Amino acid sequence: MLRGLFCAVQARKLQCGVNRQYFIMSIHAFPIEPIIPAPADPADWDDWRSYLASWREATLAKLEYDDSLYRRSDLAWGPATFSCCFVMLCDETFYDAASGRFTVDAFVAHGLQEFGGYDAVVLWHAYPNLGFDDRNQFDFYRNMPGGLAGLREVSQAFHRQGLKVFIAYNPWDTGTRRDGRPDLEVLAEVVGVIEADGIFLDTMRHAAPEFRARLDATRPGVVLESETDLPIEHIHNHHLSWAQWFSDSHAPGVLRNKWLERRHMLHQIHRWDRDHSEELHSAWMNGAGMLVWENVFGSWVGWNARDRGLLRSMLPIQRRYVELFTHGKWTPLIATQAAGVYASQWEREGIELWTLVNRAEAPVAGELFRVPLRPGRRYFDLMAGQEARVVVQDDEVGFHGRIAARGLGAYLAVKGEAVDKDFLAAMQRQAALAAQADADTTFPARPVELNAVAHTARHSRAQVPADMLAVEGGAIELETTYRLRECGLIDGAPFVDAWPPLPDFHALGTLKRSVVLTVYALDKAEVTNRGFQAFLEDSGYKPKHPENYLKHWVNGAPPPGENELPVTYVDLDDARAYCAWAGKRLPTEEEWQYAMQRIPVGDGHGQKRVWNWTESERHDGRTRFCILKGGADYQALGSEWYADGGPRPPEFSAKYLLMWPGLDRCATIGFRCLIDL
Numbered sequence: 205m206l207r208g209l210f211c212a213v214q215a216r217k218l219q220c221g222v223n224r225q226y227f228i229m230s231i232h233a234f235p236i237e238p239i240i241p242a243p244a245d246p247a248d249w250d251d252w253r254s255y256l257a258s259w260r261e262a263t264l265a266k267l268e269y270d271d272s273l274y275r276r277s278d279l280a281w282g283p284a285t286f287s288c289c290f291v292m293l294c295d296e297t298f299y300d301a302a303s304g305r306f307t308v309d310a311f312v313a314h315g316l317q318e319f320g321g322y323d324a325v326v327l328w329h330a331y332p333n334l335g336f337d338d339r340n341q342f343d344f345y346r347n348m349p350g351g352l353a354g355l356r357e358v359s360q361a362f363h364r365q366g367l368k369v370f371i372a373y374n375p376w377d378t379g380t381r382r383d384g385r386p387d388l389e390v391l392a393e394v395v396g397v398i399e400a401d402g403i404f405l406d407t408m409r410h411a412a413p414e415f416r417a418r419l420d421a422t423r424p425g426v427v428l429e430s431e432t433d434l435p436i437e438h439i440h441n442h443h444l445s446w447a448q449w450f451s452d453s454h455a456p457g458v459l460r461n462k463w464l465e466r467r468h469m470l471h472q473i474h475r476w477d478r479d480h481s482e483e484l485h486s487a488w489m490n491g492a493g494m495l496v497w498e499n500v501f502g503s504w505v506g507w508n509a510r511d512r513g514l515l516r517s518m519l520p521i522q523r524r525y526v527e528l529f530t531h532g533k534w535t536p537l538i539a540t541q542a543a544g545v546y547a548s549q550w551e552r553e554g555i556e557l558w559t560l561v562n563r564a565e566a567p568v569a570g571e572l573f574r575v576p577l578r579p580g581r582r583y584f585d586l587m588a589g590q591e592a593r594v595v596v597q598d599d600e601v602g603f604h605g606r607i608a609a610r611g612l613g614a615y616l617a618v619k620g621e622a623v624d625k626d627f628l629a630a631m632q633r634q635a636a637l638a639a640q641a642d643a644d645t646t647f648p649a650r651p652v653e654l655n656a657v658a659h660t661a662r663h664s665r666a667q668v669p670a671d672m673l674a675v676e677g678g679a680i681e682l683e684t685t686y687r688l689r690e691c692g693l694i695d696g697a698p699f700v701d702a703w704p705p706l707p708d709f710h711a712l713g714t715l716k717r718s719v720v721l722t723v724y725a726l727d728k729a730e731v732t733n734r735g736f737q738a739f740l741e742d743s744g745y746k747p748k749h750p751e752n753y754l755k756h757w758v759n760g761a762p763p764p765g766e767n768e769l770p771v772t773y774v775d776l777d778d779a780r781a782y783c784a785w786a787g788k789r790l791p792t793e794e795e796w797q798y799a800m801q802r803i804p805v806g807d808g809h810g811q812k813r814v815w816n817w818t819e820s821e822r823h824d825g826r827t828r829f830c831i832l833k834g835g836a837d838y839q840a841l842g843s844e845w846y847a848d849g850g851p852r853p854p855e856f857s858a859k860y861l862l863m864w865p866g867l868d869r870c871a872t873i874g875f876r877c878l879i880d881l
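This is the structure we're talking about:
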């Protein structure tokens with residue numbers, strides 16, 4: 205997730221003018237920014253490039269750099285992973301709750317249509333639910349539909365589509381159940397069983413050296429990708445890393461790690477931003493990749509139409525000319541003829557490619573750049589998918605074209621004989637993509653409007669049972685508190701387009717609502733194991749998915765001495781079934797809170813405190829979730845990333861992402877019932 209504030213002291217919209225003193229910095233100093241900024245004045249660019257070359261040569265020598273892992277054939281796929289998608293395993297476009305099945309093929313097809321396809325996916329599992337009970341990060345993979353074997357089928361389905369699969373490692377998960385073995389041993393085991401291709405190192409700058417040896421012994425070809433700024437000392441054994449919230453200069457700088465090792469892949473990501481043009485520019489100018497992430501831990505942060513179109517157009521070029529970006533001669537910031545337009549040049553084996561960005565908020569048209577004339581060359585506008593408009597004068601070729609506001613350009617020079625049938629087919633595909641270009645930067649709506657889902661019918665009674673609390677209801681001003689986490693509460697996280705990153709992250713937020721409540725009565729305590737057993741004996745209820753159902757029971761009955769404790773390891777549908785049998789229903793989160801605020805402090809909970817399900821299920825086409833109330837005796841300690849635990853006042857709410865019963869059932873979640881009066 206994050207290292208501190210990802211060095212938030214970097215000015216993200218940096219407009220730096222680098223003076224000549226910059227170039228006399230010690231080329232032996234390792235502490236250098238993740239993006240080496242470029243000088244604003246083009247007159248300084250030659251000196252800047254000289255500095256870059258000297259720094260790279262000296263640094264490789266000082267490191268005694270060993271590139272043997274990049275030369276290994278089983279690891280060679282990493283540098284070509286230009287597009288990676290961060291996938292919440294509970295995402296409704298990836299997992300169909302109705303059928304209980306992952307929908308890999310449909311997910312891949314959607315990614316191809318919207319983003320130009322993915323080269324890899326990160327299968328995210330635990331946060332933000334990790335910590336509600338003592339299940340550890342590996343248990344979350346084990347509790348997926350079909351267990352680890354089911355995830356192996358998911359991996360194999362991705363492999364058939366040509367995608368690589370990453371799983372995540374959360375080093376901060378130290379306060380939940382332990383496996384009795386070192387994390388690395390368990391992690392390697394999971395990698396082997398599900399046939400993963402890489403490990404995403406959540407919150408980590410780099411892995412320990414023993415990771416490489418342990419993974420090689422388990423499954424050849426597994427790469428490591430760090431989340432935060434990867435130190436250059438570890439580039440040799442980490443094939444990928446994130447360029448997360450890296451600050452760039454107005455004249456695009458170079459990614460330090462990409463400059464040092466051309467085969468190292470960085471994935472650009474500003475995960476809460478609505479405008480991804482800055483990341484796209486940096487990736488395009490550096491021959492680097494992008495991370496696509498619209499479901500940010502349960503919060504909707506969709507990509508706008510313009511940025512999706514830019515990525516669709518750039519990916520085929522990056523994939524076709526990957527050798528240029530990994531083994532070619534790279535010249536950053538060649539001279540251009542248009543204000544606000546910047547270009548990188550890539551050369552290899554008679555092919556020249558120029559990647560251009562327009563930093564301006566308006567389109568640019570006319571002459572874009574000039575290069576020396578080379579006989580026998582043909583010139584193409586790759587973004588338009590057609591022959592380039594060029595003007596030859598005084599042994600120079602001037603490229604003319606148009607680049608949209610905040611857009612990208614790409615021009616190619618090849619020998620005439622290289623223009624074969626395959627090349628022309630690629631140009632036709634690029635022309636088709638250009639025809640789909642859309643300048644709309646409107647933040648896209650959710651796939652489905654946020655809907656509440658209610659499954660229990662209302663049951664009215666005239667009398668209030670002795671074990672229930674009567675509540676008058678009425679027009680209520682209700683104030684709810686919740687933890688500021690990336691999953692947010694009802695309407696997602698408050699961090700979209702936020703600067704600086706993580707404003708008051710993990711502090712308490714407040715939500716005020718006006719609600720009208722009818723007269724009702726709420727159970728004074730949770731349904732017990734004894735009560736749930738009576739329901740089963742009378743109704744014969746059996747869940748569709750039995751995984752982890754009443755996991756704590758022994759031989760179909762409550763454990764000895766626990767008859768009067770709240771029943772747990774039941775999901776929402778299990779609780780709804782009980783309520784229907786009892787002629788009751790689940791309370792809404794508002795009904796639960798308002799009633800519990802009327803119970804004297806210390807009352808309302810039995811021998812054991814557990815979170816309570818509420819009738820607050822919602823979904824938006826990407827995420828299903830429910831609001832929990834009440835807190836629990838259990839609390840995972842040791843990290844701020846864990847879900848809230850411990851006793852909580854009635855006004856406190858916690859968001860719980862839903863997936864399927866085997867994962868939703870939890871050791872610390874029970875329920876109580878409500879009747880209408």
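Sequential numbering from 205 applies to the sequence shown in this note's numbering.
Idealized CB from N, CA, C, for every residue including glycine.
Model, not experiment: these values are computed from the prediction.
- Between the alpha carbons of residue 858 and residue 686 lies a gap of roughly 6 Å.
- Taking C-beta atoms as the reference points, residue 415 and residue 466 fail to come closer than 9 Å.
- As for any beta strand (DSSP E) of minimum length 3 sitting wholly inside the region 483-553, the runs are 493-496, 533-538, 545-552, ordered along the chain.
- Taking residue 605 as the centre and dropping the five residues before and after it, the same chain places the C-beta of 572, 585 closer than 6 Å to its C-beta, in chain order.
- In the DSSP assignment, residue 829 falls outside any alpha helix (DSSP H) and lies within the beta strand (DSSP E) extending over 828-833.
- Here the C-alpha atom of residue 269 lies approximately 18 Å from the C-alpha atom of residue 459.
- Residue range 878-880 is occupied by the beta strand (DSSP E) that includes residue 880.
- Closest in C-alpha terms to residue 385, from the list 342, 807, 874, comes 342.
- Beta-carbon to beta-carbon, residue 283 and residue 494 are separated by about 15 Å, too far to satisfy the 8 Å threshold.
- In this structure, residue 782 sits near residue 736, with a CB-CB distance shorter than 9 Å.
- According to DSSP, residue pairing for residue 368 in a beta bridge involves 324.
- In chain order, 813, 835 place their CB closer than 7 Å to the CB of residue 851, counting only its own chain and leaving out the 5 sequence neighbours on each side.
- Ranking 421, 425, 444, 710 by CA distance to the CA of residue 432 puts 444 first.
- When the beta-carbon positions are compared, residue 471 and residue 492 come within less than 9 Å of each other.
- Excluding its 5 nearest sequence neighbours in each direction, residue 346 has C-beta neighbours in its own chain below 7 Å: 352, listed in chain order.
- Cβ-Cβ separation between residue 794 and residue 688: approximately 21 Å, too far for a contact (criterion under 8 Å).
- Look at residue 759 here: in three-state DSSP terms it is coil, with no helix or strand label.
- In the structure shown, residue 621 falls within a helical segment according to DSSP collapsed to helix, strand and coil.
- Looking at the DSSP output, residue 590 bridges to 585.
- Here residue 865 is buried, its C-beta having at least 16 other C-beta atoms within 10 Å.
- A direct Cα-Cα distance of roughly 4 Å separates residue 402 from residue 370.
- Counting only runs that start and end inside the region 645-708, the beta strand (DSSP E) elements of at least 3 residues fall at 672-675, 678-687.
- Here the alpha carbon of residue 650 sits roughly 11 Å from the alpha carbon of residue 507.
- When rounded, the separation of the alpha-carbon atoms in residue 311 and residue 331 is 21 Å.
- In this structure, the beta-carbon distance from residue 879 to residue 746 does not fall below 9 Å.
- Counting other Cβ atoms within 10 Å of its Cβ, residue 646 stays below 16 and is therefore classed as exposed.
- Every unbroken stretch of the beta strand (DSSP E) spanning 3 or more residues and falling wholly within the region 381-406 is given here in chain order: 402-405.
- Taking every protein chain shown into account, the CB of residue 876 has 16 or more other CB atoms within 10 angstroms, so this residue is buried.
- Within the same chain, and ignoring the five residues on either side of residue 392 in sequence, the residues whose Cβ sits closer than 7 Å to its Cβ are 418, 419, 422.
- Taking a C-beta distance under 9 Å as the contact criterion, residue 612 and residue 485 qualify as a contact pair.
- In this structure, DSSP gives residue 816 an extended state, which the three-state scheme calls strand.
- A direct Cα-to-Cα measurement between residue 559 and residue 349 gives close to 44 Å.
- By the criterion of a C-beta distance shorter than 7 Å, residue 360 is surrounded in its chain by 399, once the five residues flanking it on both sides are discounted.
- If you ignore the 5 residues before and after residue 616, its C-beta comes within less than 6 Å of the C-beta of 557, 584, 586, all in its own chain and listed in chain order.
- Judged by DSSP secondary structure, residue 859 falls within the beta strand (DSSP E) whose first and last residues are 857-862.
- A straight line joining the alpha-carbon of residue 863 with that of residue 872 spans about 17 Å.
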